[in-house]
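Visitor: In this note's numbering, the protein residues as written are 24 to 761.
Cβ atoms here follow ideal geometry from the backbone N, Cα and C, with glycine treated the same way.
Small disclaimer: the values here were computed from a predicted structure and weren't measured.
Mind looking over this structure? Questions follow.
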Ligand code: HEM
């Protein structure tokens, strides 16, 4: 009946009317909520389109510059900016502990649904109770004891990395001068290919033996060839069949690092789209590919778990390797129940994703900044040579790094009566306080971190792998932030990228890589603002492991190699397009070349330190760790759709609300009261009742609100800024990296 009526109506509608009605419906869906303002956030400034649709944020996210663009929006509009109809970004350090606080009731937003694969894991679970249960199980993996147990695995894989690099050095050294890729005669070589091994390192760390990417020298991991195969493997290991069943399934190898990045871009773009758009977007070729990456990645976790369960069957409990997977298997909830097979696989996948890409990107960022700041690099190398001892080891040990930290703590002038929070022990490298990344000290206290940590922190400040504002939904009762009340259902976020560049915290040279800043000024304030691992109940559960990995990796490779920018005039894209650029070994023109430091190598090998205990033994074949990078920005194709939709939407809005009332003056837009028609003409053609609106805007001006007289970032007035201004400044930022 209804269908018949609808058909009969539509049969009487011509194409133009249908298009008009469709446009009207689109407009109504987006404009009515703006009028009703259910979240009470209409008063907050922001890009014009963002008031009506999520597509603006979708566009900038998929375009790969979300953090920069949001940063510029804050510079333009001030600390509170509306990014989408129900999403407000608050760029104030003081908002961090409120928005992400324990017990504030805020939950992760629908954005995280786009990251679900197999089933929800600890990262993308939004329900509070479910998360608390998962977090309890997973936290066990990252306890102080567990993290220290991972040290041999970290060292083993760093050792494999350095061995690979050393082999490359030898190869180049033995080559004739004409065959050398570059480097100065007698001194070094260029190691573009080194980047590939650096990426493989955290992947191998994540799952260890099942991948063996470093050992094999290839970005390659096994997955079931078909979906049915994946299901068969999961069903098999659920019944304890493990390897036997897995071996019957057809296997193929996929480039894990590449897939990890593809999947990140897909989820990142999809997550910003409103849920009702997602099924449609999935039909587009780019999203289809992303969706395949998601499946492929799940296949990696399935195979890794299957292989592990099979191996475990062959050896006694006491002989089983201790790594992330085994720790996950041992984890139990409050009722003493371990995870089921699907849950175990989903969590293994979470750790793979959360711990590999993040660590790899962070390591590359650190190397990049050191390569582009030779003085800082030399200072760090001097510290490593002087204080880590000269043990004849390829890879730094935890004991050496602790010694470095202790030395830094002793160097700082001590308060006469050390408080509990500021004791010498607390200042030393300690797992007790559950935060290895934080300089131990309070406001106005002396430097207590080694230069190594200052370099790591400074790199993570400038290049947090999750620099975007992580979206949280406000619970019943609302939330008051910076004196503003936000009702339930509003999505709030605090962008790390922007607060990491707040001059009131970091000084005027915020864009500079300057590790020395970690020894100056208000360190307490800096630490309260430093947010690479997020804050509160959803903060990075693996941050202690991540920090340990970064310390060991950076200390080891900087003791052995010098890094230089291959092309200093063309700063590296590696920071923003980490894996994209290096399929094969090709596009690494901007990657810092790696030069072996012969001097430091001979020093290391000739003077063993009697003061140091021998390094922990590294069991062959052991290794493991976890995951990483949720948010690898970049992307493109979905934007074509988003852009088209935005264009349609803008055109419809102009058509419905303004077209008949706005007409061209010579260089000016004029507005007439409804009912007064005006045609094109010069300024003199303005008719009675018409009012000049100023310079004629371009369509892109609709993206941002013009003529704003709002408080700027630093409280100054920002008058009449336009999209074109922003584009210029955004480009200048991007030019640094691309
Ligand atoms: C430099 C390296 C790393 C950085 C910068 C980093 C950063 C982050 C950030 C910002 C979050 C919060 C994400 C959100 O709320 O949306 C997070 C969550 C998480 N990270 Fe890390 N991470 C790193 C390494 C690791 C490692 C090595 C692991 C584990 C092996 C790990 C496991 C996790 C997990 C499981 C979560 C979800 C926690 C939860 O929701 O309860 N991360 N990480």
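Should residue 371 be listed as close to ligand 1, given that the test is whether its C-beta is under 7 Å from any heavy atom?
Guide: Not under cutoff, so the answer is no.
Visitor: Answer yes or no: the CB of residue 563 versus the heavy atoms of ligand 1, is any distance below 7 Å?
Guide: Yes, the beta carbon of residue 563 sits closer than 7 Å to at least one heavy atom of ligand 1.
Visitor: In terms of residue numbering, what span does the alpha helix (DSSP H) encompassing residue 383 cover?
Guide: Start and end: 364-395.
Visitor: Could you give the first and the last residue of the continuous beta strand (DSSP E) run that contains residue 15?
Guide: No statement about residue 15 is possible, as the shown extent of the chain runs from 24 to 761 and does not include it.
Visitor: Pairs of beta-carbons, one from the region 56-69 and one from the region 102-115, closer than 8 Å: are there three or more?
Guide: Yes, they touch.
Visitor: Within its chain, find whatever has a CB closer than 7 Å to the CB of residue 252; leave out the 5 residues flanking it on each side and keep chain order.
Guide: Only 272, 273 meet the Cβ criterion.
Visitor: Below 8 Å between beta carbons: does that hold for residue 472 and residue 405?
Guide: No.
Visitor: Going by DSSP, what residue range makes up the beta strand (DSSP E) through residue 509?
Guide: Segment 507-509, the beta strand (DSSP E) holding residue 509.
Visitor: Taking the DSSP output, what are the residues bridged to residue 255?
Guide: Residue 255 is not bridged to any residue.
Visitor: Residues bridged to residue 107 by DSSP?
Guide: Its beta-bridge partners are 110.
Visitor: Near residue 494, what residues of its chain come up, given a Cβ to Cβ distance below 6 Å and the 5 sequence neighbours on each side ignored?
Guide: The residues are 132, 134, 514, 516.
Visitor: Measure the Cβ-Cβ separation of residue 20 and residue 550 and say whether it is below 8 Å.
Guide: Not covered by the structure: residue 20. The range shown for the chain is 24 to 761.
Visitor: Count the other CB atoms within 10 Å of the CB of residue 42; is the residue buried (16 or more) or exposed (fewer)?
Guide: So residue 42 counts as exposed.
Visitor: Over the uninterrupted beta strand (DSSP E) stretch that includes residue 489, give me the two end residues.
Guide: Premise fails: residue 489 is in no beta strand (DSSP E) and is neither H nor E.
Visitor: I want to check one thing, is the minimum distance from the CB of residue 571 to the heavy atoms of ligand 1 below 7 Å?
Guide: Every heavy atom of ligand 1 is 7 Å or more from the Cβ of residue 571, so no.
Visitor: What is the rounded straight-line gap between the Cα of residue 484 and the Cα of residue 569?
Guide: Between residue 484 and residue 569, the C-alpha separation is close to 15 Å.
Visitor: Mark residue 119 as exposed unless 16 or more other C-beta atoms lie within 10 angstroms of its C-beta, in which case mark it buried.
Guide: So residue 119 ends up on the buried side.
Visitor: Which residues does DSSP list as the beta-bridge partners of residue 515?
Guide: DSSP lists 111, 495 as partners of residue 515.
Visitor: For residue 40, which three-state DSSP category applies?
Guide: DSSP places residue 40 in helix when its eight states are reduced to three.
Visitor: Do you know how far the Cα of residue 349 is from the Cα of residue 615?
Guide: Any answer about residue 615 is weak, because its pLDDT of 40 lies below 50 and its placement is not dependable; what the coordinates show is given next. The straight-line gap from Cα to Cα measures roughly 36 Å.
Visitor: Is the beta carbon of residue 256 less than 8 Å from the beta carbon of residue 323?
Guide: It is not a contact, given that the beta carbons lie outside the stated cut-off.
Visitor: Express the C-alpha separation of residue 571 and residue 392 in angstroms, rounding to a whole number.
Guide: The straight-line gap from Cα to Cα measures roughly 19 Å.
Visitor: Please classify residue 212: is it buried, with 16 or more other beta-carbons within 10 angstroms of its beta-carbon, or exposed?
Guide: Its pLDDT being 43, under 50, residue 212 is placed unreliably by the model, and nothing is read from it.
Visitor: Closest to residue 82 by CA distance: which of 292, 398, 304, 478 is it?
Guide: Of 292, 398, 304, 478, the residue nearest in Cα terms is 292.
Visitor: For residue 244, which beta-bridge partners are listed by DSSP?
Guide: Answer by DSSP bridge pairing, in chain order: 277.
Visitor: For residue 302, count neighbouring C-beta atoms within 10 Å of its own C-beta (all shown protein chains included) and say buried if the count is 16 or more, exposed if not.
Guide: Exposed, because fewer than 16 other Cβ atoms sit within 10 Å of the Cβ of residue 302.
Visitor: Please determine, among 179, 562, 76, the residue with the shortest C-alpha to C-alpha distance to residue 53.
Guide: The shortest Cα separation from residue 53 among 179, 562, 76 belongs to 76.
Visitor: Output yes or no for whether 8 Å exceeds the beta carbon distance between residue 144 and residue 372.
Guide: A contact, by the Cβ cut-off of 8 Å.
Visitor: Which of helix, strand or coil does DSSP assign to residue 131?
Guide: The answer is strand: DSSP assigns residue 131 an E or B state.
Visitor: Closer than 7 Å to a non-hydrogen atom of ligand 1 - does that hold for the CB of residue 145?
Guide: Indeed, a heavy atom of ligand 1 lies less than 7 Å from the Cβ.
Visitor: Can you name the residues that DSSP bridges to residue 504?
Guide: According to DSSP, residue 504 bridges with 507.
Visitor: Could you tell me the distance, in whole angstroms, from the CA atom of residue 71 to the CA atom of residue 80?
Guide: If I take the Cα positions, the gap works out to 11 Å.
Visitor: Less than 7 Å separating the Cβ of residue 156 from some heavy atom of ligand 1?
Guide: No, Cβ of residue 156 sits at least 7 Å from all heavy atoms of ligand 1.
Visitor: Residue 165 and residue 390: beta carbons closer than 8 Å?
Guide: No, they are not a contact pair.
Visitor: Using a Cβ-Cβ cut-off of 6 Å (strictly less than) and excluding sequence neighbours within five positions of residue 482, which residues of its own chain qualify?
Guide: The residues are 388, 389, 392.
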